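**Q** Going by numbering that gives the first Met the number 0, the sequence shown opens with residue 0, and the numbers climb by one from there. Here a beta-carbon is modelled for each residue, glycine too, at the ideal position from N, C-alpha and C. It should be emphasised that the depicted structure is a prediction, and the values quoted were computed from it without experimental measurement. Have a look at this one.
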Amino acid sequence: MIKKTACAFVAGAVMAMTAQTAAADGHGEITVAYFLEWPMPMMAAKASGAYDEALGMKVNWVSFETGTAMSAAMASGDVQIALSQGVPPFVVAASGGQDIQVVDVAVSYSDNDNCVVNADLEIDKDSAGELAGKKVAVPLGTAAHYGFLRQMDHFGVPLDSLSIVDMPPPEGANALGQKAVDFACGYGGGLASMKEYGNVLLTGAEKEDLGILVFDVTSAPADFIAENGDVVAKFLKVTADANAEWNSNPSDEMLAVIAEQAGMDMDAAKSAISTMKFPSIEEQLSSKWFGGAAAPFMKGVADVFVEAGSIDSALDSYEGAVNTGPLEAASNM
């Protein structure tokens, strides 16, 4: 299903070029994709109208359930910027030929994306081999999907022994609670709900030790970036300022706004955001991210998906899928 979707994403790309440019230049507004139940500092800027003010245009915000849906919306021209798209769905789209680019690291997280096993099974990391033959809910083509593949490989659980069901995290949590699946993988509020019914196999730190990084990006169609680089730079600057404010002073007042915008209560938002890291522009341009590690990591994700049969092939390199121009411009604003 992913292979077909990735190819379909590209079909409207050429026709979307005019629509994307007109959205920014002709009509004085753009549409940005984001996630509910995914609390981020940028939501405070969204609420205050800081993006509209900085860009000098109306910013329409549309919530999505998966990063793959964000890719499709960018391909159709319905969305110009996707904020906090997972690296795996970005890689799936780029590998399928969609001309989109990463422009910043939206958030880094390890404990907020994981797989949860129903407590009744009493399976943990020392007995994970017992997952063979079980049924799992996974949002295919997302960061959670990539983490699932890497964890199953680590534990030696054959993928062909599993019954894998494609479900967004909230639905996966419901299925886990109803025992319709044996374990489920997801992120954000969906993952928090999953934990009510079971346990994670690996902690975030344990995943990082295995090289399972988890981060989201801000992405956009390459032609939109080329035609509207100043708009993208200003957008990234507002995001960076909101991140800096949160990093220096994570106040309850700011959290209250973030929680409201994310559709969460304060306790849930506080729990989720506590597992997130929001790197500065300087950090993003360093060797840890765009200065060296980001593109090779994308290549690794793509190769895992090829091996799993999720996509037909990977690009030789993902350097062209990273555009630091707007971020560098934002650093001088």
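(1) Mind pulling the alpha helix (DSSP H) runs of 4 or more residues that sit fully within the stretch 31 to 109?
(2) What are the uninterrupted segments assigned as beta strand (DSSP E) that are 3 or more residues long and contained completely in the stretch 182 to 242, given in chain order?
(3) Tell me the DSSP bridge mates of S312?
(4) Cα separation between L139 and E64?
(5) Could you pull out every residue in the same chain whose Cβ sits closer than 7 Å to the Cβ of L120, ignoring the five residues on either side in sequence?
(6) Using the Cα positions of A268 and I29, report the straight-line distance between them to the nearest angstrom.
(7) Starting from A172, follow the alpha helix (DSSP H) in both directions and report where the run begins and ends.
(8) Beta-carbon separation of E281 and P40 under 8 Å?
(9) What does the alpha-carbon distance come out to for the pair A365 and A53?
(10) Considering only the alpha carbon of each residue, which of G262, G189, E36, P220 lies closest to Q97?
(11) Buried or exposed: where does V199 fall if 16 or more other Cβ atoms within 10 Å of its Cβ makes it buried?
(12) Measure the alpha-carbon distance for L209 versus A131 and round it to whole angstroms.
(13) State the Cα-Cα distance for the pair A241 and M42, rounded to the nearest angstrom.
(14) With 16 other CB atoms within 10 Å as the buried threshold, where does G48 fall?
(15) Starting from the N-terminal side, write out each stretch of the beta strand (DSSP E) that is 3 residues or longer and does not extend beyond the stretch 280 to 307.
(16) Under the rule that 16 or more other beta-carbon atoms within 10 Å means buried, what is N331, buried or exposed?
(17) Between the stretch 306 to 324 and the stretch 79 to 94, can you find at least three pairs of beta-carbon atoms closer than 8 Å?
(18) Quick one, which of Y33, A46, V31 has its alpha-carbon nearest A255's?
(19) Just the Cα atoms here: how many angstroms apart are K3 and T67?
(20) Could you check where the alpha helix (DSSP H) with A267 kicks off and where it finishes?
**A** This is what the structure holds:
(1) Taken in chain order, the whole alpha helix (DSSP H) runs of length 4 or more contained in the stretch 31 to 109 are 41 to 47, 49 to 54, 66 to 75, 86 to 94.
(2) Inside the stretch 182 to 242, DSSP marks whole beta strand (DSSP E) runs of 3 or more residues at positions 182 to 186, 197 to 199, 214 to 220, from first to last along the chain.
(3) Residue 312 sits at position 313 when you count from the first residue of the sequence shown. Looking at the DSSP assignment, S312 forms no beta bridge with any residue, so it has no partner.
(4) Numbered from its first residue, the sequence shown carries residue 139 at position 140. Numbered from its first residue, the sequence shown carries residue 64 at position 65. Roughly 12 Å between the two C-alpha positions.
(5) Here residue 120 corresponds to residue number 121 of the sequence shown, with the count starting at 1. If we look at L120 and ignore the five residues flanking it on each side, its Cβ neighbours are D181.
(6) Locating residue 268 in the sequence shown gives position 269, counting from the first residue. Locating residue 29 in the sequence shown gives position 30, counting from the first residue. Approximately 27 Å, taken between the alpha carbons.
(7) To locate residue 172, count along the sequence shown from 1; it is residue 173. For A172, the enclosing alpha helix (DSSP H) starts and ends at 168 to 176.
(8) Taking the first residue of the sequence shown as 1, we reach residue 281 at position 282. Taking the first residue of the sequence shown as 1, we reach residue 40 at position 41. Contact annotation: E281 and P40 have beta-carbon atoms that are not nearer than 8 Å.
(9) The shown model of the chain, from 0 to 332, leaves out residue 365, and the question about it has no answer.
(10) Against the sequence shown, residue 97 aligns to sequence position 98. Minimum Cα distance to Q97 is reached at P220.
(11) If you number the sequence shown from 1, residue 199 lands on position 200. V199 should be labelled buried.
(12) As a first step, residue 209 is located in the sequence shown; it is residue number 210 there, counting from the start. As a first step, residue 131 is located in the sequence shown; it is residue number 132 there, counting from the start. Going by the C-alpha atoms only, they are around 21 Å apart.
(13) Along the sequence shown, read from residue 1 onward, the residue named residue 241 stands at position 242. Along the sequence shown, read from residue 1 onward, the residue named residue 42 stands at position 43. Inter-residue distance for A241 and M42 is about 8 Å (C-alpha atoms, whole angstroms).
(14) Position 49 of the sequence shown holds residue 48. Of the other Cβ atoms in all chains shown, fewer than 16 fall within 10 Å of the Cβ of G48; this residue is therefore exposed.
(15) The qualifying runs do not exist here; there are none.
(16) Position 332 of the sequence shown, counting from 1, holds the residue named residue 331. For N331, the number of other beta carbons within 10 angstroms of its own is below 16, and it is reported as exposed.
(17) With a cut-off of 8 Å on Cβ pairs, the stretch 79 to 94 is in contact with the stretch 306 to 324, counting three or more such pairs.
(18) As a working mapping, residue 255 is identified with position 256 in the sequence shown. Residue A46 is the option with its Cα nearest to A255.
(19) On the sequence shown, residue 3 is found 4 positions in, with the first residue counted as 1. On the sequence shown, residue 67 is found 68 positions in, with the first residue counted as 1. Model confidence at K3 stands at a pLDDT of 28, short of 50, so the residue's coordinates are unreliable; what they give is reported in the following sentence. The straight-line gap separating the alpha-carbon atoms of K3 and T67 is approximately 12 Å.
(20) The residue you call residue 267 lines up with position 268 of the sequence shown. Taken as a continuous stretch (DSSP letters only), the alpha helix (DSSP H) holding A267 covers 265 to 272.
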